[in-house]
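In the working numbering, the protein residues as written are 40 to 402. Here is the structure we will look at.
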Ligand code: SF4
């Protein structure tokens, strides 16, 4: 059982592949500073699947880009924290060292494959380029690898398709190529950032199934970033819920989805439309995500939370253990509040869920 958090500066135990500790990535722009990632910690074991969930703008993609050291500086800046990957803190590596790690040991797939595939190279050449650079094998062997990878991700007629350009393929096919490219060097960690959001529902299911199958076959650990709790339920073992740049809840997928403790997680789950809701109004979480230039003091969720009480607007809740080191919640309802304040809602609505009816009917 991993210990969370690890001692600052010490590498994690060998079964922990990725150990993100108190990570802070901020963006300095003309209007001020955006604390996009603000004290985020979590771990991924070797071969494990971890889902990072939250609404747009909660910091999950910036967390992934920071792990990959792909944050554009300026305006972005990794202010503090540690990112231990396979025994090394990648934040301490040089750009050259990072080039060896990226692609070969950790790889990333994005929502829109055209942003990462090169439009002027055939898909085969792109895989060959990556494999030759990282695996130090000759062109012939790398081309065989490219065909093998296209077959692995279910692309028919792989020897012919390997000579095609990205624009000659459908969106679903391009996403398969990106997965093939990402896995071509046998990375230990695959980061998938909303990999199915841009695809239609049928293709989404196929790509998720493919990611699950390939991940199980190759033993690659998976960090899946998504706003979709349905995708999480089907794909991952453990979950990290983020809100306004912070982790607010962690646990196994069953713990988080069946027994959510943070009011934000509760609201996210209540917002999922179901068949029985046809013709009724959609539930949504009350209010909107905070202005990143003016994050609320105390618990960042307090302006939207129906359970908010005395300590919430002034004191930030710690991400406290709930029975085991991996089950954590940042909410004063589950932690003894400071300064003798009581567990007593002051201006809560006393409704069971942090939701309100939206004006839109489920079709
Ligand atoms: Fe935050 Fe308080 Fe609501 Fe918990 S009860 S989520 S601490 S506002």
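In this text, a Cβ means the ideal position worked out from N, Cα and C, and glycines have one as well.
Residue 260 sits in a strand when the DSSP states are folded into three classes.
For residue 52, there are no CB contacts under 6 Å within the same chain when 5 residues up- and downstream are skipped. For the 9 Å CB-CB criterion, residue 369 and residue 285 form a contact.
The three-state reading of DSSP puts residue 82 in strand, counting E and B together.
Taking 9 Å as the cut-off, the Cβ atoms of residue 219 and residue 185 count as close. Rounded to whole angstroms, the gap between the alpha carbons of residue 312 and residue 271 is 15 Å. Residue 285: member of the beta strand (DSSP E) spanning 285 to 291, first to last residue. In the DSSP annotation of this structure, the continuous segment of the beta strand (DSSP E) that includes residue 120 starts and ends at 115 to 124.
CA-CA distance, residue 112 to residue 237, rounds to 28 Å.
Excluding sequence positions up to five before and after residue 354, its CB lies within less than 6 Å of the CB of 337 and 377, all in the same chain and listed in chain order.
Between the alpha carbons of residue 88 and residue 133 lies a distance of about 28 Å.
Taken through DSSP and simplified to helix, strand or coil, residue 72 comes out as strand.
Bridge partners of residue 60 according to DSSP: 121. Assigned with DSSP and collapsed to three states, residue 242 falls in helix. Counting only residues of its own chain and dropping the five nearest sequence neighbours on each side, residue 103 has a CB closer than 6 Å to the CB of 230, 232 and 264. Judged by DSSP secondary structure, residue 184 falls within the alpha helix (DSSP H) whose first and last residues are 178 to 191.
Around the C-beta of residue 322, 16 or more other C-beta atoms lie within 10 Å, and the residue is accordingly described as buried. Relative to the ligand SF4, the beta carbon of residue 97 is positioned no closer than 8 Å to any heavy atom. Note: residue 282 is bridge-paired with 285 in the DSSP secondary-structure output.
DSSP places residue 237 outside any beta strand (DSSP E), giving it a letter other than H or E. Using a Cβ-Cβ distance cut-off of 8 Å, the region 117 to 124 and the region 51 to 66 are in contact, since at least three pairs of beta carbons, one from each stretch, lie closer than that value.
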